[in-house]
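Reading through the structure tokens given below for one structure.
In our numbering, the protein residues as written are 1 to 852.
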């Protein structure tokens, strides 16, 4: 069907591509590239011009069916180019040939430059691509919309001695003049332009691993081959896991995973040629923390999940990007859970869900799916709501339908739409066809409206359990919100045998549901299993009954939900800070990593509200909670400790040192850090990271020199990131000034500098100083940092809470809107106001309670 009516951001579809033959010749020293594109086009109705996307390209000549075109008209404001044929093109196949030139930019988008320095101090350049969402048009003229799928054949003309990779395997390599070679790659499956990739540089490759018939390699800068073993293991597992889960063989011919020194995103799911930040692919398994290993496994699984869900089947337009990313996040969690079952990955996923709750509790939240018109709208999709909330509601649906029926629906969806494009509703239709359940009706209520439900639980005079839904807000609106969800409720009666002690399932679609005492007696846990994307607020008697037996009757993930909901109530003003502190102290016998993670984070947030004697008293209370837990666990590693125990010990030692300022924890941390510096292998990796954090939290100028040197001479990407990040944790003003300077003097890569600035903003002692620096250098940061990182950098203001600083921040961004992600910026500013309200409401109250 031909599009009618003008749309400034959509191409006409009277002509569509079927195949691209691309030849590119990058000049790494000059920072430019030349190219030729031969595009096979299917003309669907008579027309006299062909319209493509192009941006920042010099188009030198063009031919249609071998004849010079009558004219080339660039439209930079719409990122388009129009080729006038000079005659009527009849329906059928045609060929467009275009010669072009461009610059290898330094904004980490399109076809761009990345550099690294080898062990001998020599600087090297890589030319690489990042084409999502709408940056393929920076690399070659194209129909740069996901629905315009085509096959691709890529040829790269490069200096001899360099390595080239693309989506398909190399099919030929031949001389191309003095000192040059021509590398031709095979034809790809039909795919969208944003998934095209080509990388050229002095890269080394591992030997290929046979992963169920797929040749899997890791490519990396020279000298880093020792850091590839774990990625190959995780990648091979993911390929096998997804081929089995989807019931479809891997859709590519090979899979290269490429470590890129400068990369604006975490990784990119280019079919057959996945590109990654080094820190998310290359890792020393013996020296990495559990968090490092989990992060790498997750990212690898996420990208490989996309090979089917995203690459084989692709959204029709960018409003559907949430489903690609949410589903890949969901599948990555499932894959990592199978890769290392002892990590209990689904329990840890609760922490990511809490981050999505934090955004979705704001008035400035957005629906998971919303209309997308412009490239800026598409860029705004890449946030916590797309990934974490999207994955959470997919998980909730999977658990409601049942994992096997859900999987069967996914297989039906992929088989039906293979090599094509879909809308979100196509997935729900596939699930309904297989399960007979109202998947579309349920999911529409979660996808097309922002926010989430608060389930209020209490009993009436007759003993009936009454569950009511309303929308949860940190700051309640002046008028009641009519939003309602189809909520898959799961309940369990505590302390009773089935049937009353079994799970009860209800689909709450109105305001309330009522269960009589014969059906739900005694203390009833709402959100049993802990996977529902809703919060629960119990009446006091019911909460007391549940929390009084939580260690006996609640699974760890359910205790996590109880604690997380309690902290959200503090932010919303429904529970006081003193009441929360007393509630947290009921977890003295807790042994679970994730529960302690949410408690430690909440207690650290309260610590920021206090000063003077009240702060000293508060730290004493926190010590009295943390020290017994650590004493039971043991301060030092024990033979046979499972991974989660190692991580829990580190978490407790870090919280005891940083939040509670415990003298023994600080001293032990310093001694351990000194031992690590002398011999990294002598310290258990999780404890070594915790020790470094303890030292930085009270760090001296001399300590800063040590950390700065360690950052510059790090043995692996994870150590580099750890010490870079901890430079922001030093409490002294001179150290903060030096760290801030690093973000603009080239010492920190532009891919990392915005995130380091965000961490500086989170400093308890120096956050305001960091804000003044950001405001003073804003225009320079806009020029030098990747566009997609600006709003993430500005997200550091979410940690501030003093009213006078908040007024400055809000006034600044009223005059300086972010170039991409204004909706996300609005969320940051609202969370800042929530923090200010928390300080004004609770700081005095908590101080009085502590000093009483």
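Glycine is no exception: its CB is placed at the ideal position from the N, C-alpha and C atoms.
What's the C-alpha gap between residue 776 and residue 816?
-> The sequence position of residue 776 within the chain shown is 776, counting from 1. The sequence position of residue 816 within the chain shown is 816, counting from 1. Spanning the two alpha carbons is a distance of roughly 12 angstroms.
Cβ pair residue 684, residue 637 closer than 8 angstroms | Numbered from 1 along the chain shown, position 684 holds the residue referred to as residue 684. Numbered from 1 along the chain shown, position 637 holds the residue referred to as residue 637. Their beta carbons are under 8 angstroms apart, which means residue 684 touches residue 637 by this criterion.
Measuring alpha carbon to alpha carbon, tell me which of 610, 289 and 597 ends up nearest residue 839.
-> Taking the chain shown and counting its residues from 1, the one referred to as residue 839 is at position 839. That would be 610, whose Cα lies nearest to the Cα of residue 839.
Please confirm whether residue 148 and residue 16 have their CB atoms less than 8 angstroms apart.
-> Translated into the one-based positions of the chain shown, residue 148 becomes position 148. Translated into the one-based positions of the chain shown, residue 16 becomes position 16. Result yes, Cβ atoms of residue 148 and residue 16 sit closer than 8 angstroms.
Taking just the CA atoms, how far does residue 25 sit from residue 220?
-> Looking up residue 220 in the chain shown gives position 220. Looking up residue 25 in the chain shown gives position 25. So the alpha carbons of these two residues sit roughly 21 angstroms apart.
How big is the Cα-Cα spacing for residue 4 and residue 10?
-> For this step, residue 4 is matched to residue 4 along the chain shown. For this step, residue 10 is matched to residue 10 along the chain shown. Model confidence at residue 4 stands at a pLDDT of 43, short of 50, so the residue's coordinates are unreliable; what they give is reported in the following sentence. Residue 4 and residue 10: Cα-Cα distance of roughly 11 angstroms.
Name the two residues that bound the continuous alpha helix (DSSP H) containing residue 302.
-> The residue given as residue 302 occupies position 302 in the chain shown. For residue 302, the enclosing alpha helix (DSSP H) starts and ends at 290-306.
If we count the other Cβ atoms within 10 Å of its Cβ and call it buried at 16 or more, is residue 330 buried or exposed?
-> If you number the chain shown from 1, residue 330 lands on position 330. With 16 or more other Cβ atoms within 10 Å, it is buried.
Please confirm if residue 776 has its CB atom under 8 angstroms from at least one CB of chain C.
-> Reference to chain C is not applicable here, since this structure consists of a single protein chain.
Might you give, ordered along the chain, the residues of its own chain that have their beta carbon closer than 8 angstroms to the beta carbon of residue 853, omitting 5 neighbours on each side?
-> The requested residue 853 is not part of the displayed model; the chain covers only 1 to 852.
Chain-order list of residues whose beta-carbon lies under 7 angstroms from that of residue 356 (same chain, five-residue window excluded) = Within the chain shown, numbered from 1, the residue matching residue 356 stands at position 356. The beta carbon of residue 356 sits closer than 7 angstroms to the beta carbons of 384, 385, 388, 389 and 392 from its chain, once the five residues preceding and following it are set aside; these are given in chain order.
Exposed unless 16 or more other CB atoms sit within 10 angstroms - verdict on residue 589 | Against the chain shown, residue 589 aligns to sequence position 589. By the 16-neighbour rule on beta-carbons within 10 angstroms, residue 589 is exposed.
Can you tell me the Cα-Cα spacing of residue 714 and residue 768, whole angstroms?
-> Reading the chain shown from its first residue, position 714 is the one you call residue 714. Reading the chain shown from its first residue, position 768 is the one you call residue 768. Taking the straight line from one Cα to the other gives about 29 angstroms.
Tell me, to the nearest whole angstrom, how far the beta carbon of residue 457 is from that of residue 539; I am working on the premise that it is less than 8 angstroms.
-> Walking along the chain shown from the start, residue 457 turns up at place 457. Walking along the chain shown from the start, residue 539 turns up at place 539. The beta-carbon distance between residue 457 and residue 539, rounded to whole angstroms, is 7 angstroms. This is short enough to meet the 8 angstroms contact definition.
For residue 424, name the three-state secondary structure that DSSP assigns.
-> What you label residue 424 is simply residue 424 of the chain shown in a count that begins at 1. Taken through DSSP and simplified to helix, strand or coil, residue 424 comes out as helix.
Answer with buried or exposed for residue 153, where buried requires no fewer than 16 other C-beta atoms within 10 angstroms of its C-beta.
-> Translated into the one-based positions of the chain shown, residue 153 becomes position 153. Label assigned to residue 153: buried.
Could you name the residues of the same chain whose beta carbon sits closer than 6 angstroms to that of residue 764, not counting the 5 residues immediately before and after it, in chain order?
-> As a working note, residue 764 is residue 764 in the chain shown. Taking C-beta separations shorter than 6 angstroms and ignoring five residues to either side along the sequence, the partners of residue 764 in its chain run 608, following chain order.
Every unbroken alpha helix (DSSP H) inside the region 526-576 [4 residues or more] | 540-548, 550-553 and 556-571, all fully within the region 526-576.
Looking only at C-alpha atoms, which of 600, 530 and 480 sits nearest to residue 503?
-> To locate residue 503, count along the chain shown from 1; it is residue 503. The shortest C-alpha to C-alpha distance from residue 503 to any of 600, 530 and 480 is the one to 530.
Residue 154 bridges to which residues according to DSSP?
-> Translated into positions along the chain shown, residue 154 becomes position 154. Per DSSP, the beta-bridge partners of residue 154 are 22.
Excluding sequence positions up to five away, which residues of its chain have a Cβ less than 6 angstroms from the Cβ of residue 407?
-> To locate residue 407, count along the chain shown from 1; it is residue 407. Excluding sequence neighbours, residue 407 sits near nothing in its chain.
How many Å lie between residue 877 and residue 310 at the Cα?
-> Residue 877 lies beyond the stretch modelled for the chain, which goes from 1 to 852, so this question has no answer here.
Which residue comes first and which comes last in the alpha helix (DSSP H) that contains residue 85?
-> Along the chain shown, one-based indexing puts residue 85 at 85. Element bounds for residue 85: not the alpha helix (DSSP H) but the beta strand (DSSP E), 80-89.
Any contact of the region 230-250 with the region 317-337, i.e. 3+ C-beta pairs under 8 angstroms?
-> Short answer: they touch.
Can you tell me whether DSSP reads residue 417 as helix, strand or coil?
-> Sequence index remark: in the chain shown, residue 417 carries index 417 (1-based). Residue 417 carries a helical assignment under DSSP once its states are collapsed to helix, strand and coil.
Is it right to say residue 378 is buried, meaning 16 or more other beta carbons lie within 10 angstroms of its own, or is it exposed?
-> Against the chain shown, residue 378 aligns to sequence position 378. It counts as buried.
Between the region 26-35 and the region 106-115, do three or more beta carbon pairs fall short of 8 angstroms?
-> Touching, yes, given that three or more Cβ pairs across the two stretches are closer than 8 angstroms.
Mapping DSSP to helix, strand and coil, what is residue 276?
-> Stepping through the chain shown from its first residue, residue 276 is reached at position 276. Strand at residue 276.
Backbone CA spacing between residue 787 and residue 264 [nearest angstrom] | The residue given as residue 787 occupies position 787 in the chain shown. The residue given as residue 264 occupies position 264 in the chain shown. Just so you know, the alpha carbons of residue 787 and residue 264 end up roughly 9 angstroms apart.
Contact check, residue 257 vs residue 281 under 8 angstroms by CB: the rounded distance?
-> Residue mapping note: residue 257 aligns to position 257 of the chain shown, counting from 1. Residue mapping note: residue 281 aligns to position 281 of the chain shown, counting from 1. 6 angstroms between Cβ atoms; contact.
Residue 795 versus residue 212: straight-line alpha-carbon distance, rounded = As a first step, residue 795 is located in the chain shown; it is residue number 795 there, counting from the start. As a first step, residue 212 is located in the chain shown; it is residue number 212 there, counting from the start. A straight-line Cα-Cα distance of about 42 angstroms links residue 795 and residue 212.
Candidates 250, 90 and 179: which alpha carbon is nearest residue 65's?
-> On the chain shown, position 65 is the one that residue 65 refers to. Residue 65 has its Cα closest to that of 90, out of 250, 90 and 179.
Where does residue 419 land, buried or exposed, given buried means 16+ other C-beta within 10 angstroms?
-> Sequence index remark: in the chain shown, residue 419 carries index 419 (1-based). With fewer than 16 other CB atoms across the displayed protein chains lying within 10 angstroms of its CB, residue 419 is exposed.
Is it buried or exposed for residue 479, if we count other Cβ within 10 angstroms and need 16 for buried?
-> Your numbering for residue 479 matches position 479 in the chain shown. Label assigned to residue 479: exposed.
List in chain order: all unbroken alpha helix (DSSP H) runs of 4+ residues lying wholly within the region 726-793.
-> As far as the region 726-793 is concerned, its whole alpha helix (DSSP H) runs of at least 4 residues are 733-742, 753-761, 767-776 and 778-784.
Please list, in chain order, all residues of the same chain as residue 464 whose beta carbon is under 6 angstroms from its beta carbon, the five residues on each side excluded.
-> Counting from one through the chain shown, the residue named residue 464 turns up at place 464. Excluding sequence neighbours, residue 464 sits near 514 and 516.
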